[in-house]
Amino acid sequence: MWNIFAAVGDIAFAYIFSNVLVEIQDTIKASPKENKVMKRATFYGIFISSIFYVLCGLLGYAAFGNDAPSNFLTAFGFYDPFWLIDLANVCIIVHLLGAYQVFAQPVFAFVEERCKKRWPESKMMNAETCIKMGSKKGWSLSLFKLIWRTGYVIITTLVAMLFPFFNDFVGLLGAISYWPLTIYFPIQMYIARTKTPRFSFVWVWLQILCVVCFILSLLAAAGSLRGLILSIRTYKPFQAKS
29 MWNIFAAVGD IAFAYIFSNV LVEIQDTIKA SPKENKVMKR ATFYGIFISS IFYVLCGLLG
89 YAAFGNDAPS NFLTAFGFYD PFWLIDLANV CIIVHLLGAY QVFAQPVFAF VEERCKKRWP
149 ESKMMNAETC IKMGSKKGWS LSLFKLIWRT GYVIITTLVA MLFPFFNDFV GLLGAISYWP
209 LTIYFPIQMY IARTKTPRFS FVWVWLQILC VVCFILSLLA AAGSLRGLIL SIRTYKPFQA
269 KS
């Protein structure tokens, strides 16, 4: 039962895209309208990702049952043919490079903007050096950005190496951020935008949806926390399992 709750958190994490959706929509040109473009993109994106997640879940359970590994590429899933495993790992690397940029760039921009406002006269915060490559237009290099972004990547990498509990962390993050970002705020914005009357049919069902998803988030958080506690009890830092 606890594993089911943790799996709900993993599924929730896969669909936390509301904050990224707004960022993308803000950069789309006005013709055609942003809402039409994003509705189509969201539909196809969710549909295609759902197919992959359902296939992995169903095929993994059909092949291994309750002993299905959390990662088919690194656990005891299968090892032949090697070229297929290597190709899958390369695809994951390409995917994570883009995903890391999508989630890290807003953090970089937020910290850098706050630092510039906090120390407006600091040369380190504001100075940029132009580096030219041949006859082409040069690109700007900021010492502060170089140090801050490099340090951020190093620290997050060390944390990931120190606590390699991927499924449990993904489930916990999904449980924490799924309800407020994907359910509560969009529903409240919709109610405010459409001026939905209180205690009307639509308003009541939206509130029921909000409460049900909140309960699911609590259950997912509990399952993920239990998994983390059990994993930490037997974990030795920076040691690979043979």
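Numbers 29 to 270, taken from the numbering used here, label the letters of the sequence shown in order. Every residue gets a Cβ at the ideal spot worked out from N, C-alpha and C, and that includes glycine.
For this session: Let me know the secondary structure DSSP gives W147 once reduced to three states.
Result: Numbered from 1 along the sequence shown, position 119 holds the residue referred to as residue 147. In the structure shown, W147 sits in coil (DSSP, three-state: anything other than H, G, I, E or B).
For this session: Measure the beta-carbon distance from L256 to L200 and round it to whole angstroms, keeping in mind my assumption that it falls under 8 Å.
Result: To locate residue 256, count along the sequence shown from 1; it is residue 228. To locate residue 200, count along the sequence shown from 1; it is residue 172. Contact flag correct, Cβ pair sits at about 7 Å.
Problem set entry | Contacts around N117, its chain only, beta-carbon distance under 7 Å, and the 5 residues preceding and following it disregarded | Here the question's residue 117 lines up with position 89 in the sequence shown. Same-chain partners within the cutoff: L101.
For this session: Take every Cβ of the stretch 213-231, pair it with every Cβ of the stretch 113-128, and state whether three or more of those distances are shorter than 8 Å.
Result: no
Exercise. Are there three or more Cβ pairs, one per stretch, closer than 8 Å when the stretch 172-182 is compared with the stretch 127-140?
Worked result: yes
For this session: Output yes or no for whether 9 Å exceeds the beta carbon distance between E149 and S168.
Result: Residue mapping note: residue 149 aligns to position 121 of the sequence shown, counting from 1. Residue mapping note: residue 168 aligns to position 140 of the sequence shown, counting from 1. Their beta carbons are not under 9 Å apart, which means E149 does not touch S168 by this criterion.
Exercise. Where does L101 sit, in a helix, a strand or coil, going by DSSP?
Worked result: Counting from 1 along the sequence shown, the entry for residue 101 is found at position 73. Coil at L101, not helix or strand.
Problem set entry | For K64 and S270, the rounded distance between their alpha carbons | Here the question's residue 270 lines up with position 242 in the sequence shown. Here the question's residue 64 lines up with position 36 in the sequence shown. Note on S270: pLDDT 49, under 50, position unreliable in the model; no value is reported.
Exercise. Going by other Cβ atoms of all chains shown within 10 Å of its Cβ, with 16 needed for buried, is N195 buried or exposed?
Worked result: If you number the sequence shown from 1, residue 195 lands on position 167. Looking at its Cβ environment, which holds 16 or more other Cβ atoms inside 10 Å, N195 is buried.
Exercise. Hey, Y212 and C238: beta-carbon distance below 9 Å or not?
Worked result: For the purposes of this step, residue 212 is taken as the residue at position 184 of the sequence shown. For the purposes of this step, residue 238 is taken as the residue at position 210 of the sequence shown. In contact: Y212 and C238 (Cβ atoms closer than 9 Å).
Exercise. At what residues does the beta strand (DSSP E) containing W167 begin and finish?
Worked result: Position 139 of the sequence shown holds residue 167. 167-169 is the span of the beta strand (DSSP E), which, as asked, contains W167.
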